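The structure appears below as structure tokens.
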Amino acid sequence: DAGVTQSPTHLIKTRGQQVTLRCSPKSGHDTVSWYQQALGQGPQFIFQYYEEEERQRGNFPDRFSGHQFPNYSSELNVNALLLGDSALYLCASTSGTRRGEQFFGPGTRLTVL
Amino acid sequence: RKEVEQDPGPFNVPEGATVAFNCTYSNSASQSFFWYRQDCRKEPKLLMSVYSSGNEDGRFTAQLNRASQYISLLIRDSKLSDSATYLCVVISGSARQLTFGSGTQLTVLP
């Protein structure tokens, strides 16, 4: 049983570019949340997707957008990258109906130069 | 004020020591509480849930005080493998959004 998977593992971009990160939830999970973790900080909630809709959003600008597909996988898009967007981006999945433990993927480490 | 606050440490303790971490949260409507563990450059993993009655899992004991909005984690007989960052996590809202503290770094020394 595969856990949460994310791609790519690492990514280097320059300021102003756009990036798309991908996440496949754990088998049986239908809810995906995205988090940003800067160095030395705890993860910060970006948004959550359930039934292909954004259910809740944290304090992030509109440059951060997402999508959930019918197979429950999800994408995080960041436009007009800033140096401060450099971070580990974590995806977590859970079952919306059971609302149990959230399982995290290994993350995508984004570096903006 | 941050929603979840932790002492960042670092805590450097010898093997066998007992160490305690504390965490406070600001949202009195928070529903659930957890401790996560994060190893260097890895994803966070659930360590244990936290209940008002207190709960114990081997060498680990977690406690919640709702009146004081305070959560604690006690590690007894520390092992080298306990070295990690410990994240206090609070769940709130209909989407059960996780709010993390900034983490407390623990290094257990031989």
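Going line by line, the protein sequences match chains R and P.
For the first sequence, the positions run -13 to 99 when this note's numbering is used.
For the second sequence, the positions run -6 to 103 when this note's numbering is used.
Glycine included, every Cβ here is placed at the ideal spot set by N, Cα and C.
Every value quoted in this text rests on a predicted model; they were computed, and no experiment measured them.
Around the CB of residue 23 of chain P, 16 or more other CB atoms lie within 10 Å, so the residue is classed as buried. Check the Cα spacing between residue 54 of chain R and each of R/64, R/35, R/48, R/65: the tightest is with R/35. By the Cβ criterion, the stretch 8 to 24 of chain R is in contact with the stretch -10 to -3 of chain R, since at least three pairs of Cβ atoms, one from each stretch, lie closer than 8 Å. For the 8 Å CB-CB criterion, residue 23 of chain R and residue 67 of chain R do not form a contact. Taking residue 56 of chain P as the centre and dropping the five residues before and after it, the same chain places the C-beta of 47, 65 closer than 6 Å to its C-beta, in chain order. Look at residue 52 of chain R here: in three-state DSSP terms it is strand. Within a 10 Å sphere around the beta-carbon of residue 88 of chain P sit 16 or more other beta-carbons, which makes this residue buried. Its Cα nearest to that of residue 96 of chain R, the residue P/34 stands out among P/34, P/52, P/58. Between the beta-carbon of residue 95 of chain P and that of residue 62 of chain P there is about 17 Å, and that puts the pair past the 8 Å contact cut.
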